[in-house]
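Residue numbers (UniProt numbering): 1 to 618. Beta carbons: idealized from backbone N, C-alpha and C, even for Gly. Note that the structure is a prediction, hence the values are computed from the model and not measured.
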């Protein structure tokens, strides 16, 4: 006879096995399992001001951890509030598990008119149906007969494994009568997958490439996957793909590597670096791939985003005769409104669950299988070339000619402007900082700034939800607390974006984290003004007194030290950034940076024109 434990304890043990130490969300009367989280010494309930912020925080936590994040909400009103954040995690391939506490199976079977329901027949399934397109997998435990409780563990494990393998959100609905039900502990002996580990060849991978068509989820007694299962790669297919790519590399005279978001999601940045260094190949990043590799590496060429790239970067990438595109997510802001001009015939794309070579596709291959095998194959080519050298430009000459440098220009006038701000803060960053930017002036401002070698940069460039960065900053700071390196967390957010989610600064104070919060006060929604409506009132906001925010949110008994600053000139910001006291991450700091309305980074100005033109097309 196997041992049994209560189902809620089973869930907690599984989350700990997946490396989760913090759980985000908002309590509700259907979330009886939170008692088990609070009672466990190894996992902590963070608690958020609202469910949307909790989803954003889980997103930031998962990105910094490189693994699973968990959000817990209550049925109906709670789970719907979180969906924008869950959608962003789906779009940008972030593994977030959404656990929903629901009414008991008995009350649901009677269709009792309960609070948080729609007062409509059959409405108990409405909310899970709404979440289905935003989930890679669902475990709807309310539909499992209570007399077969072991099925609950199988259903939960199936969805949890799908989330980890696919780096996408999953949805688990747990009725109140399941929380305390006794289940077998046998499932806990089964090893969970990890996003950074290649699935075994004999496994079944329920996912396809980033541009795949996703089928809608259907409910089942176990777990419903929202993508059609396909066979994981066989050794023969992988070998053929590696051989084909290697032959193309052998014939190339100007090869480059382009690194994008999914290289990081699936833990392949280290493998790319081995390939770069082992074979002397120039590499570039997309905006969504920033900081995945060392931007101070001599082989780094810059950030490529089609027409929105620096001219030298664009020329080198687009003149290459071999482009290994690793982990592509080809969104408009990530590609200069789809202006990437690379010949498909010379492009190899390594995706999470498929590979394309020119016009051929291998939909059962996996980046985690293919990429590690390229290094020994490419090294044989490089060694062969060294033995029989041919004419042409050496790697050292190319590096010297295309070296990216980060120079802080002299400020023009006595106002803080983007042209000066971003190179200046780029010099201030510490080596292992966690840097979060809001989609807007901040993310565009840092695109062409060299980030420190061991920094982590996160921005929601594809989904682009306004206010995401504040919640994500909380999650990132909580993840940083688990790291013994005492890493700094640095946020850049506009005054408009801040207003949507500033409540989470209160959670930061309550949880005792010490991020640097740079609030860019430029009197409204500058990114929107750049795209359309430069003088429109709909891009205006109510101006807050940001110097009152921290005292207000901290209240009268908060033990977390904090400090606010208001800087209006380059010299004031310089003095602050050079202060030894300021550079100690021993308190939460809010730095209000006054900037002129209408000023924007050149990258945003260029992208705004591209976006405005795309929006005008019929």
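Comparing C-alpha distances from residue 499 to each of 468, 480, 617 and 488 shows the shortest one belongs to 468. When rounded, the separation of the alpha-carbon atoms in residue 466 and residue 497 is 5 Å. Remark: C-beta atoms of residue 480 and residue 436 do not approach each other more closely than 8 Å.
Residue 453 and residue 495 have their C-alpha atoms some 29 Å from each other. Taking C-beta separations shorter than 7 Å and ignoring five residues to either side along the sequence, residue 616 has no partners in its chain.
The alpha carbon of residue 73 has as its nearest neighbour, out of 131, 62 and 120, the alpha carbon of 131. For residue 563, no alpha helix (DSSP H) segment is defined; the enclosing uninterrupted segment is the beta strand (DSSP E) at 562-567. Between residue 328 and residue 242, the gap from beta carbon to beta carbon reaches 8 Å or more.
Distance from the CA atom of residue 558 to the CA atom of residue 590, rounded to whole angstroms, is 16 Å.
Apart from the 5 residues on each side of it in sequence, residue 358 sits with its Cβ closer than 6 Å to the Cβ of 345 in its chain, given in chain order. Counting only runs of at least 4 residues, the stretch 484-561 fully encloses the following alpha helix (DSSP H) elements, listed from N- to C-terminal order: 495-501, 503-511, 526-531 and 549-554. Across the structure, residue 255 and residue 96 are spaced so that their CA atoms are roughly 36 Å apart.
Residue 612 and residue 531 do touch by the CB rule: their CB atoms are close to 5 Å apart, below 8 Å. Its Cα nearest to that of residue 343, the residue 317 stands out among 336, 317, 362 and 355.
Leaving aside the five residues that flank residue 196 on each side, the residues in its chain whose CB is nearer than 6 Å to its CB run, in chain order, 267. In the displayed model, residue 182 falls within a strand according to three-state DSSP. Taking a C-beta distance under 8 Å as the contact criterion, residue 190 and residue 157 qualify as a contact pair. When the five nearest sequence neighbours on each side are left out, the beta carbons in the same chain lying within less than 8 Å of the beta carbon of residue 163 are those of 68, 95, 96, 97, 136, 137, 169 and 170, in order along the chain. With fewer than 16 neighbouring CB atoms inside 10 Å of its own CB, residue 584 falls in the exposed class.
For residue 418, the CB contacts under 7 Å within the same chain, skipping 5 residues up- and downstream, are 441, 445, 599, 600 and 601 in chain order. Ranked by Cα distance from residue 251, the first of 382, 514, 541 and 552 is 382.
Here residue 307 has 336, 339 and 610 as same chain residues with Cβ atoms under 7 Å from its own Cβ, once five neighbours each way along the sequence are excluded. Here DSSP, grouped into helix, strand and coil, assigns residue 71 to strand. Check the Cα spacing between residue 192 and each of 292, 11, 604 and 493: the tightest is with 11. The continuous beta strand (DSSP E) containing residue 355 extends over residues 355-357. Counted as a single uninterrupted DSSP element, the beta strand (DSSP E) harbouring residue 98 occupies residues 96-102.
The Cβ-Cβ distance between residue 325 and residue 355 does not fall below 8 Å. Burial state of residue 551 is exposed, judged by a 10 Å Cβ sphere holding fewer than 16 other Cβ atoms. Of 596, 333 and 428, the smallest CA-CA separation from residue 580 is found for 428. Sorting 154, 587, 293 and 276 by C-alpha distance to the C-alpha of residue 455 places 293 at the top.
Assignment of beta-bridge partners to residue 56 by DSSP yields no partner. Selection 576, 420, 462 and 140 evaluated against residue 289 yields 462 as nearest (Cα-Cα).
Between the alpha carbons of residue 421 and residue 490 lies a gap of roughly 15 Å.
Only residues of its own chain outside the window of five on either side were considered, and among them 539 have a CB closer than 7 Å to the CB of residue 533, listed in chain order.
Rounded to whole angstroms, the gap between the alpha carbons of residue 102 and residue 172 is 10 Å. Residue 90 is classed as buried because its beta carbon has at least 16 other beta carbons within 10 Å across all chains shown.
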